[in-house]
Amino acid sequence: MPRASFTFLNHACFMLRTDGAVLVADPWLEGTILDGAWRLVDESSSNAALVELLNGAGVPVYIWCSRATPDRFSSAFMRLFRTQFRGIATFLYRPGRDLRIGEELRRHRLPLAECPDGATVTLAGDLRLTALASGDGDSACLISCRGRHILNLGERALPTAAACQGAAARIRQAAPRIDLLLSGFGGLGWCGNPESFALREAAAGAAAERLAVQAECFRPQLVVPIASFARPARADNAWLHGGRLAPAELLEHPRLEALRGVLRFLMPGVTVDLQRDTPAGLACAHALALDHWSACWQARPPPLPRPPRASPGELKAAFARYRERAGAALHALPWLLETAGLLRPLLVYLPDLRQNVALSYRDGFRLRPARGGTASTAHVALFSGTLLQLLRTDDGFDKVYAGGCFQTLRRSGLSVFGRFFLPQRMTRRGVDRRRPLAVAAYLWHALKSRTVRTARRLQAAR
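Going by my numbering, the sequence shown opens with residue 1, and the numbers climb by one from there.
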């Protein structure tokens, strides 16, 4: 009888194997990401091992990329795959407002296929994938094979009961039941300053609540946590580890009491037979995984260094080039947004230089005195090398925000910081002067949603 198996590989990456095909999702298996800001909790997996495994599969390979972030879309894996894989492969992604995945796949000269939102795509035999839009650039997916249905929600999709109920009808049209639910219990990214333990505690509680409402809505036969097995790695974001729930702590959360019989953690490399294995049968593997992840969680590798110090002259030159790029992509839009008050000049404190700098689309780069060597009235604090990388790279803000390598110094600091770099984020996502309607829609969505998210963060921190 044809079989179907699920193998957890690491973090958000897993492999689904049938007699006619192999599907791999979100391969990040080695190395640090976001300029060394995050690393895998378990660093035993490797790109080479996965490519070797896929070379020996003898069937077509499909690789699902849920979003254009390095914990789901590893450039190192793409480069190795392009040079070392010897079979037939297709990269799958959902086209949307974020154009980065398609552009990156084309840049790596990899074969790709689009999976439109809500459309069920047949891959091989009865292996099917349905992409589900989640926010601006994220995607969840429903995978079906051999009469089994896997709902992969990552760590962001369907965060509330209302969102689950809203998506339930169309998910049930494609899958009468959910046999395996894959969901996260803690994301990457900034979550408060070192003293903001309450904010991180609230985020951990929200992750447990999210998992609970998903299970209550979809009633899966088995729940396997994924997409949460990374840790902050640098000296300037190490505090983000505090308050995050370890796997054993997640199981003890009161909100998840009803799930303890079906929630099973897995170690990297463990395979589940989707047609035979049950939660009870996986109890031993679950116990071993808990011991494994507890040991990994308690291990504290030495922090990686932050980027080298930059001089004020380097920062000034980098910001001048940044303004030129923003102007070339969006004409005078950044200047107009700042003039209209929708963006405000950003005041940054550089603790390694003991210096404040003001960034403005209208007035350029200016040094400001730091009274007594302190932050004074700055919006955010980050080290000079981090600011230099933020200004030099096309996805600088995304890296710094997801890396969590900054601190807010005012109540409005996070909002001002995010809004100031809207032009960079827009052009990175392919929204520029060639698409005026897309520019207007993105601005409206980004300004409104960031205001709401910032208000929620501040309320949780009180």
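A virtual CB, placed ideally from N, CA and C, is assigned to each residue, including glycine. Quantities reported herein were computed from a predicted structural model and do not represent experimental measurements.
Using three-state DSSP, classify residue i as helix, strand or coil.
i: R3; result: coil
i: R462; result: Confidence at R462 is low in this model, with a pLDDT of 34, below 50, so the placement of that residue should be treated as unreliable; the coordinate-derived value is given next. In this structure, R462 counts as coil in the three-state DSSP scheme.
i: P95; result: coil
i: W28; result: coil
i: S75; result: helix
i: S360; result: strand
i: C384; result: Sequence check: residue 384 is Ser here, not Cys. S384: helix per DSSP, three-state reduction.
i: F8; result: strand
i: A207; result: helix
i: L266; result: coil
i: S464; result: Outside the shown range of the chain (1 to 462) lies residue 464, about which nothing can therefore be said.
i: D398; result: helix
i: I101; result: helix
i: V416; result: helix
i: L304; result: strand
i: F14; result: strand
i: R457; result: In this prediction, R457 has a pLDDT of 45, which is less than 50 and means its spatial position is unreliable; what the coordinates show is noted afterwards. Helix at R457.
i: T83; result: helix
i: T377; result: coil
i: R67; result: coil
i: A161; result: helix
Below 8 Å between beta carbons: does that hold for residue i and residue j?
i: V400; j: V348; result: no
i: M78; j: L110; result: yes
i: L263; j: L256; result: yes
i: L129; j: L92; result: yes
i: F365; j: L333; result: no
i: G36; j: R231; result: no
i: R306; j: G385; result: yes
i: L199; j: G205; result: no
i: F397; j: L343; result: no
i: L387; j: L350; result: yes
i: L330; j: T427; result: yes
i: L105; j: L99; result: no
Nearest CA to the CA of residue i: which residue from the options?
i: S537; options: P176, R94, R172, I171; result: The requested residue 537 does not occur in the structure, where the chain is confined to residues 1 to 462.
i: T7; options: T83, L256, R219, A285; result: A285
i: P345; options: V416, T160, L353, W293; result: V416
i: Q424; options: D352, L414, R366, F319; result: F319
i: R146; options: D117, L222, A21, A283; result: A21
i: N55; options: L34, A68, V24; result: V24
i: L471; options: C217, L29, I33; result: It is not possible to answer for residue 471, since the shown part of the chain is limited to 1 through 462.
i: A317; options: L250, D395, L391; result: L391
i: L153; options: V357, A212, G327; result: A212
i: G96; options: S46, D117, S5, R86; result: D117
i: F229; options: A246, A162, E314; result: A246
i: R410; options: T377, A175, L388, R17; result: T377
i: G269; options: S45, R148, L336; result: S45
i: R276; options: M426, R148, A113, P70; result: R148
i: D19; options: V357, L330, R3; result: R3
i: A358; options: E103, W38, R368, P351; result: R368
i: E103; options: Y361, A131, A68, R72; result: A68
i: E249; options: Q298, T271, V272; result: Q298
i: P176; options: I150, A163, T90, G166; result: I150
i: P194; options: G261, D395, C405, R428; result: C405
i: L336; options: A163, S360, N356, E201; result: S360
i: R72; options: T90, F85, R86, E30; result: E30
i: A163; options: I143, A133, D179, L53; result: A133
i: A215; options: H292, S196, G261; result: G261
i: A295; options: E43, F14, L16; result: E43
i: M15; options: Q355, D138, V272; result: V272
Report buried or exposed for residue i, applying the criterion of at least 16 other Cβ atoms within 10 angstroms of its Cβ.
i: P225; result: buried
i: V41; result: buried
i: I88; result: exposed
i: A168; result: exposed
i: Q173; result: exposed
i: T83; result: exposed
i: R170; result: exposed
i: P27; result: buried
i: L422; result: buried
i: A48; result: exposed
i: A258; result: exposed
i: T408; result: buried
i: A140; result: buried
i: D395; result: buried
i: Q459; result: Its pLDDT being 39, under 50, Q459 is placed unreliably by the model, and nothing is read from it.
The ligand GTP and residue i: does the residue's C-beta get closer than 7 Å to at least one heavy atom of that ligand?
i: D352; result: The ligand GTP is not part of the structure shown, which contains no ligands of any sort.
Under 8 Å between C-beta atoms, does residue i make it to chain C?
i: G102; result: Given the protein chain composition of this structure (a single chain), no chain C is represented.
Touching by the beta-carbon criterion (3+ pairs, under 8 Å), the segment 309-318 and the segment 183-197: The answer is no - the segment 183-197 does not touch the segment 309-318, with fewer than three Cβ pairs under 8 Å.
Given 8 Å, three or more beta-carbon pairs between the segment 118-129 and the segment 53-67: A contact exists between the segment 118-129 and the segment 53-67.
Per the contact definition of three or more C-beta pairs closer than 8 Å, is the segment 231-244 in contact with the segment 211-223? Inter-segment contact for the segment 211-223 and the segment 231-244 is absent: fewer than three beta-carbon pairs are separated by less than 8 Å.
Is the segment 280-294 in contact with the segment 319-333, if contact means three or more CB pairs nearer than 8 Å? By the Cβ criterion, the segment 280-294 is not in contact with the segment 319-333, since fewer than three pairs of Cβ atoms, one from each stretch, lie closer than 8 Å.
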